[in-house]
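For the sequence shown, position 21 (counting from the first letter as 1) is numbered 56 according to the working numbering, and the numbering increases by one without interruption. Note that beta-carbon positions come from the ideal geometry of N, C-alpha and C, so glycine has one too. Remember, it's a predicted structure, so these values are computed and weren't measured experimentally. One structure is given below, encoded as structure tokens.
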Amino acid sequence: MTEFAGAIDSKSYDVIVVGAGGSGLAAAVSAAESGASVLVLESQQRPGGTSRMAVGSISAAGTHLQKQAGIVDNSNDFITDMELFTADLLVHDNANLRQVLAEQASLTVDWLSQMGVVFVGPYAEPPHRVERMHNAVPGAASIVKRLLIACQSLGVEIQTQSSVSQLHQYADGRVHALSFKSLDGMHRVSARKAVILASGDFSASKTMCSAHLPLEASRAIPINPTNTGEMFDVACKVGAQTLNMQHVFGPQMRFPAGTSTHIANKMPSWPWLNQFMAMFFEYAPPALKKLLAKPMLMAHMSPSEQLFAQGAVLVDENGQLLDNKSPAKSIAMTESRRGFIVMPNHVAKKFNALPYFISTAPSIAYAFIDDYISGRPDITFKAKDLETLSTSMGLSNAKGLRQSLSGISADYWVGLGPVQAMLTTTEGSIAINSQCQVMGATGQPIESLYAVGCIGQGGLLLRGHGLHLAWAFTSGRIAGKYAASQKLLKETSHATV
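Put into structure tokens, the structure is as follows:
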């Protein structure tokens with residue numbers, strides 16, 4: 036990986052990738068493996084995007100890990116089970132791309148494994164009929180690290196703090212160059228074969244969220260505040276079409292991230308070390324697994340809604356009751372987009388043993404109330420009376436909290452918060468075909484333009500663990516290969532736009 040900051044106007048590349056998140060890095064590696072020279076432009080200070088923030092689950096059918104575990108699986112069953120998650124939305128879904136995902140995700144897991152990514156599992160997630168969820172060790176950040184190492188070995192050039200503002204086309208519509216702004220000004224660079232858009236979703240764009248999403252979702256806090264969606268507009272200006280912009284699976288309740296860096300992000304990405312950790316996760320007793328997994332479980336994780344079914348209440352900053360039945364939406368409609376979970380001691384005690392838990396990484400470990408008391412003292416509070424609890428949690432009205440919990444007695448009280456209403460991703464995307472080519476208004480591809488990951492979801496509606504990462508890396512792998520295989524562009528007219 037060669038990083039540089041100077042003007043590159045005079046230099047051209049076979050493939051230019053816009054965005055250095057998981058899908059963009061996958062596209063860059065795939066294109067470079069196919070012999071293309073590749074430039075990646077990333078708007079932020081470092082690569083990784085939303086993928087770096089993920090737990091690291093990839094759902095796939097027919098992987099080597101499934102075969103090793105004696106699990107018989109196939110893409111048709113995978114499609115059927117995925118559709119159970121979105122049965123109410125199938126009329127809006129993209130069946131062709133769902134088939135691509137089902138058929139190709141296992142190849143992606145194997146491809147990443149060959150780069151040194153280590154997976155454990157597969158694990159179960161109903162309604163999947165068999166275990167399909169593969170978890171990267173120690174997390175999604177390790178996938179990003181291995182992709183960056185692959186980029187470096189393949190000669191991929193990555194330039195950060197570079198925001199693309201325009202795509203340039205020949206008169207016949209083929210995309211052949213782009214303009215971007217870096218720290219030293221505006222630049223224009225040519226793509227001899229293709230441009231791949233991998234810039235993420237629009238969850239951090241207030242304008243786009245207000246225009247397309249339900250009110251509660253539009254008010255939620257984006258988990259990745261850099262997903263501002265500018266490339267949607269840039270792509271549409273050259274004829275790209277959008278799909279399912281109104282769909283979102285959220286908001287979700289999320290605790291704010293802890294201040295300490297998780298050990299997984301500090302560890303070197305050595306394959307042998309990850310293999311050791313994989314063996315640890317496979318064979319260690321649950322108590323030992325938890326030592327490594329617990330910090331991850333309490334960083335930006337979702338509290339279980341079981342809390343409310345068992346007697347906890349959700350209040351706003353004034354101590355007023357919010358709707359326990361739609362907690363995330365209720366939080367989103369408050370002025371601060373923050374809520375607080377309060378429970379008497381007899382409820383808190385339930386959440387120190389299964390089947391109850393505060394948060395979980397599926398099939399790996401669970402975090403209980405005592406784990407939060409010791410591991411997240413910044414968001415976990417315990418007090419003999421509601422006045423003291425209210426002050427500790429930073430609520431503005433202890434009287435309001437007392438009124439909300441009148442009639443409930445307790446030896447002591449436990450509070451969790453703030454808990455925020457957050458968007459992990461939006462589902463709206465640019466229309467693409469099975470090769471990840473961007474589709475124009477005529478129903479034909481815009482030549483030499485591809486889209487992957489969230490911006491290139493192509494109408495797919497991905498509900499369930501491990502599907503967004505599966506699509507990010509799979510679409511990147513596919514687009515990189517096809518982009519690199521394109522013939523070199525030749526200008527047929529001097530007119531460009």
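- Considered as a whole, the stretch 121 to 182 harbours 153 to 158, 168 to 172 as its complete beta strand (DSSP E) runs of no fewer than 3 residues, in chain order.
- The stretch 413 to 427 and the stretch 447 to 461 touch, with no fewer than 3 CB-CB distances between them shorter than 8 Å.
- Following the DSSP letters along the chain, one finds Arg373 inside the beta strand (DSSP E) bounded by residues 373 to 379.
- Around the Cβ of Cys489, a 10 Å sphere holds 16 or more other Cβ atoms; the residue is buried.
- Collapsing the DSSP output to three states places Phe416 in a strand.
- With a cut-off of 8 Å on Cβ pairs, the stretch 514 to 525 is in contact with the stretch 475 to 489, counting three or more such pairs.
- Its chain contains Arg209 as the residues whose beta carbon lies nearer than 6 Å to that of Glu482, once the 5 sequence neighbours on both sides are disregarded; these appear in chain order.
- The three-state reading of DSSP puts Ala347 in coil, since its state is none of H, G, I, E or B.
- Inter-residue distance for Arg437 and Met221 is about 58 Å (C-alpha atoms, whole angstroms).
- His222 has Phe215 as its beta-bridge partners, per DSSP.
- The Cβ-Cβ distance between Gln276 and Ala476 falls below 8 Å.
- For Phe154, the closest alpha carbon among the candidates His503, Val107, Asp268, Ser177 is that of Ser177.
- Around the C-beta of Ser200, fewer than 16 other C-beta atoms lie within 10 Å, and the residue is accordingly described as exposed.
- Residue state for Thr509 is assigned as helix, using DSSP reduced to three classes.
- Contact between Gly478 and Glu160 is absent: CB atoms are separated by about 36 Å, not below the 8 Å threshold.
- Note that the stretch 271 to 286 touches the stretch 458 to 473; at least 3 beta-carbon pairs, one per stretch, sit closer than 8 Å.
- Cβ contact annotation for Asp351 (same chain, cutoff 7 Å, sequence separation greater than five): Leu357, Thr369, Gly374, in chain order.
- Non-local beta-carbon contacts of Thr426 in its own chain, meaning distances under 8 Å to residues more than five positions away in sequence, involve Ala433 in chain order.
- Within the same chain, Glu352, Asn353 come within 7 Å of Ser431 by CB-CB distance, once the 5 residues on both sides are set aside.
- Taken through DSSP and simplified to helix, strand or coil, Lys228 comes out as strand.
- Sorting Val73, Val165, Thr85 by C-alpha distance to the C-alpha of Gly97 places Val165 at the top.
- Taking each of Tyr205, Ser339, Gln187 in turn and checking the Cα distance to Ala229, the smallest one comes out for Tyr205.
- In the three-state DSSP reduction, Leu248 falls in the coil class, being neither helix nor strand.
- DSSP places Ile193 in the uninterrupted beta strand (DSSP E) bounded by 192 to 194.
- Taken in chain order, the unbroken stretches of beta strand (DSSP E) that lie wholly in the stretch 262 to 294 and span 3 residues or more are 287 to 289.
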